[in-house]
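S.K.:
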Amino acid sequence: GRWGGEPSLVVAPASTEETARVVKACAAARVAVTPQGGNTGLVGGQTPLGGEVVITMKRMRKIRDASPLDNSLTVDAGVTLAEAQEAAARIDRLFPLSIGSEGTCQIGGVISTNAGGVNVLRYGNTRDLVLGLEAVLPNGETWNGLKRLRKDNTGYDLKQLFIGGEGTLGVVTGAVLKLFPRPKEKMTIIAGLPSPEAALRLLSRAQGTGGGDATSFELMSRYIISLVLKHIPGVRDPLSAAHPWYALIEFSSGHEGALRAPVEAMLEDALAAGEISDAAIAESEAQAAQFWRMRHSMSEAMRPEGGQAKYDVSAPVAAVPQFLNDADAAVERVCPGARIIAFGHMGDGNIHYDVLQPIGSDPRDFERRQDAIEAAVYDVIDRHHGSISAEHGVGVARRADIARRKQRAEIAMMRAVKAALDPLGLMNPGKML
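At position 269 of the sequence shown (counting the first as 1) the number is 277 in my numbering, and the numbers step up by one without a gap.
(1) Which runs of the beta strand (DSSP E) at least 3 residues long sit entirely within the region 187–240? Give them in chain order.
(2) What is the C-beta distance between Gly175 and Gly53, in whole angstroms, given that I count them as a contact (C-beta under 8 Å)?
(3) Since Ser120 is in the alpha helix (DSSP H), which residue starts that stretch and which ends it?
(4) Report yes if the C-beta distance between Leu129 and Leu105 is below 8 Å; otherwise report no.
(5) If you compare alpha carbons, which of Ser248, Ser224, Ala35 is closest to Asn147?
(6) Pull up the CB-CB distance for Asp387 and Ala338, whole angstroms please, since I reckon it's below 8 Å.
(7) Determine whether the beta carbon atoms of Val180 and Ala143 lie at a separation below 8 Å.
(8) Please give me, in chain order, every unbroken run of the beta strand (DSSP E) with length at least 3 that falls completely inside the region 112–167.
(9) With 16 other CB atoms within 10 Å as the buried threshold, where does Asn152 fall?
(10) In whole angstroms, what separates the C-alpha of Pro366 from that of Gly132?
(11) According to DSSP, is Met435 part of a helix, a strand, or is it coil?
(12) Can you tell me where the beta strand (DSSP E) with Ser260 in it begins and where it stops?
(13) Which runs of the alpha helix (DSSP H) spanning at least 4 residues fall entirely within the region 243–312, listed in chain order?
(14) Does the beta-carbon distance from Thr121 to Gly355 come in below 8 Å?
(15) First and last residue of the alpha helix (DSSP H) that includes Lys318?
(16) Tell me, to the nearest whole angstrom, how far the beta carbon of Leu247 is from that of Asp286; I am working on the premise that it is less than 8 Å.
(17) Contact check, Ala398 vs Val342 under 8 Å by CB: the rounded distance?
(18) May I ask you to list the residues that DSSP assigns as paired with Ile348?
(19) Taking all protein chains shown into account, decide if Val18 is buried (16 or more other Cβ within 10 angstroms of its Cβ) or exposed.
(20) Have a look at Glu283, Gly182, Leu139 and flag the residue whose alpha-carbon is nearest the alpha-carbon of Glu205.
(21) Which same chain residues end up closer than 6 Å to Gly45 when comparing Cβ atoms and leaving out the 5 residues on each side of it in sequence?
(22) In this structure, how does DSSP classify Val62 when only helix, strand and coil are distinguished?
(23) Whole-angstrom Cβ separation of Thr217 and Pro270, contact assumed at under 8 Å?
(24) Around the C-beta of Lys238, are 16 or more other C-beta atoms found within 10 angstroms, so that it is buried, or is it exposed?
(25) Mind reading off the beta-carbon distance from Ser292 to Pro191? Whole number of angstroms is fine, and I expect it under 8 Å.
(26) Could you tell me the distance, in whole angstroms, from the CA atom of Lys32 to the CA atom of Pro15?
(27) Checking 8 Å against the spacing of the C-beta atoms, do Glu418 and Arg303 come in under that value?
(28) If I follow the unbroken beta strand (DSSP E) through Ala74, where does it start and stop?
(29) With DSSP run on the structure shown, which of helix, strand or coil describes Asn79?
(30) What does DSSP give as the partner residues of Ser369 in its beta bridges?
(31) Using only the alpha-carbon positions, how far apart do Pro324 and Glu25 sit?
(32) Less than 8 Å between the CB atoms is what I'm expecting for Val83 and Arg67, so what's the real figure, rounded?
(33) Going by DSSP, what residue range makes up the alpha helix (DSSP H) through Pro329?
(34) Is Arg101 helix, strand or coil by DSSP?
(35) Would Met1 be called buried (16 or more neighbouring beta carbons within 10 Å of its own) or exposed?
(36) Go to Ala429, then tell me how far its alpha helix (DSSP H) extends in each direction, as first and last residue.
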């Protein structure tokens, strides 16, 4: 209810051909279109603003092809991320994209927002995991770019326009996803740290560990851990003593028995260097799942704490510690006593920087300060050459900020692309630009 209005019609096509007919009819009638996937977006990109035809992809659920030899999976846009992961597993392959909403979010939405998640450190964003794409253009024409090629140097990589395009250039109807061999071994570690600076050094050390790849590196403050322990039943403190910061690290290897010795040696060296104060290695899949449950419960744990302002930001990895220091000081100046929570994907510089109302404060006063809080956080991000939207997208929520904070040349290029593909402005109007 925060954004949006009533659509004029909701249509659920079951194929690319049906989608094309709907879009062509809308173009002829000069009626705007809003593509919609699993409806898990957080910035309003999938929400009609009023009068549009909503095209929901919920009936487009086919796994079109699964090739272990090509390491590829071709799917309809309405396939959920979890279904794509399961289809890859059935041919003994891995589709590594993993986010909290994977049971509900759909591949079309994942592509349209260039979703990230916890495995970006090793495998990249969605942009790095799509080999080919199929989309219905704003005039109703279908572009079939469902190639399984790793190399194609014959012109512009057009699929990249639609990845992260939030449905403003066309309706994604299918995709060829890049698969990987399934790891033979995983190790999950949680470590207590004195500071984000120590986390940065530990990240560098983890990436240099032999025997496998550092797949995930998540940074978490003690305060958010304490809220998870307070509000989420069944979660236990991961270490015997409290630490200012924590890192959740996962390693994977294509060879069984390759990880234990180098990872233990890495932890010993990190302890000797003062980068960690304590650590625990998950000795079972159940214990590893408990570590990850704590990480994935953080947004839920904040809900009972009152008013909050949430920011999905990124900075160069080496700048994350200084960003946190500068942002904390900036927020304190405009909202004294605010409770600051930071957690997220340290390995790729993406931090979920959230601000909770001061304890005992008037929620209305906190709400009045949110514009000042947002400006303070975004100004710090600008100084560190970061992004105000790392993985959630622009949608409605960040549209005005993008217009103010991107270079004029960038906005001009984006508008030129939009005008070339959607001259009538009918595709997901009011989003991004």
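The C-beta atom is built at its ideal place from N, Cα and C for all residues, glycine as well.
M.R.: Checking against the coordinates, here is how it stands:
(1) Segments of the beta strand (DSSP E) lying fully in the region 187–240: 193–201, 221–229.
(2) About 7 Å; that satisfies the 8 Å criterion.
(3) For Ser120, the uninterrupted alpha helix (DSSP H) segment begins and ends at 115–120.
(4) In this structure, Leu105 does not lie closer than 8 Å to Leu129 by Cβ.
(5) Considering only alpha carbons, the answer is Ala35.
(6) Indeed, because the Cβ distance is near 7 Å, the residues count as touching under 8 Å.
(7) Taking 8 Å as the cut-off, the beta carbon of Val180 is found closer than this to the beta carbon of Ala143.
(8) Within the region 112–167, the complete beta strand (DSSP E) runs of at least 3 residues are 138–144, 150–153.
(9) Exposed is the label assigned to Asn152, since fewer than 16 other Cβ atoms lie within 10 Å of its Cβ.
(10) Spanning the alpha carbons of Pro366 and Gly132 requires a straight line of approximately 37 Å.
(11) Of the three classes helix, strand and coil, the one that applies to Met435 here is strand, per DSSP.
(12) The continuous beta strand (DSSP E) containing Ser260 extends over residues 253–261.
(13) Taken in chain order, the whole alpha helix (DSSP H) runs of length 4 or more contained in the region 243–312 are 268–280, 293–304, 306–310.
(14) Judged by beta-carbon spacing, Gly355 lies beyond the 8 Å limit of Thr121, meaning their Cβ atoms are not closer than that value.
(15) Judged by DSSP secondary structure, Lys318 falls outside any alpha helix (DSSP H) and instead within the beta strand (DSSP E) spanning 316–322.
(16) Contact annotation, Leu247 with Asp286: C-beta distance approximately 5 Å; criterion of less than 8 Å satisfied.
(17) No, Ala398 and Val342 are not in contact; Cβ-Cβ is about 22 Å, not under 8 Å.
(18) Per DSSP, Val363.
(19) It counts as exposed.
(20) Out of Glu283, Gly182, Leu139, Glu283 has the C-alpha closest to the C-alpha of Glu205.
(21) Counting only Cβ-Cβ distances below 6 Å, and skipping sequence neighbours, we find Met65, Gln114, Gly116, Gly117.
(22) Looking at Val62 - three-state DSSP - the assignment turns out to be strand.
(23) The Cβ separation is near 5 Å, so the contact holds.
(24) The residue is exposed, with fewer than 16 neighbouring Cβ atoms inside 10 Å.
(25) The C-beta separation of Ser292 from Pro191 comes to about 16 Å, leaving the pair out of contact by the 8 Å criterion.
(26) Cα to Cα, the separation comes out at about 18 Å.
(27) It is not a contact, given that the beta carbons lie outside the stated cut-off.
(28) First-last of the beta strand (DSSP E) with Ala74: 71–75.
(29) In the structure shown, Asn79 sits in coil (DSSP, three-state: anything other than H, G, I, E or B).
(30) None; Ser369 has no bridge partner.
(31) The straight-line gap from Cα to Cα measures roughly 43 Å.
(32) Contact between Val83 and Arg67 fails: their C-beta atoms lie close to 14 Å from each other, not under 8 Å.
(33) 328–342 is the extent of the alpha helix (DSSP H) around Pro329.
(34) In the structure shown, Arg101 sits in a strand (DSSP, three-state: E or B).
(35) Lying before the first or after the last residue shown, residue 1 is absent from the chain, which here runs from 9 to 441.
(36) The question names Ala, but residue 429 is Leu in the sequence shown. 416–429 is the span of the alpha helix (DSSP H), which, as asked, contains Leu429.
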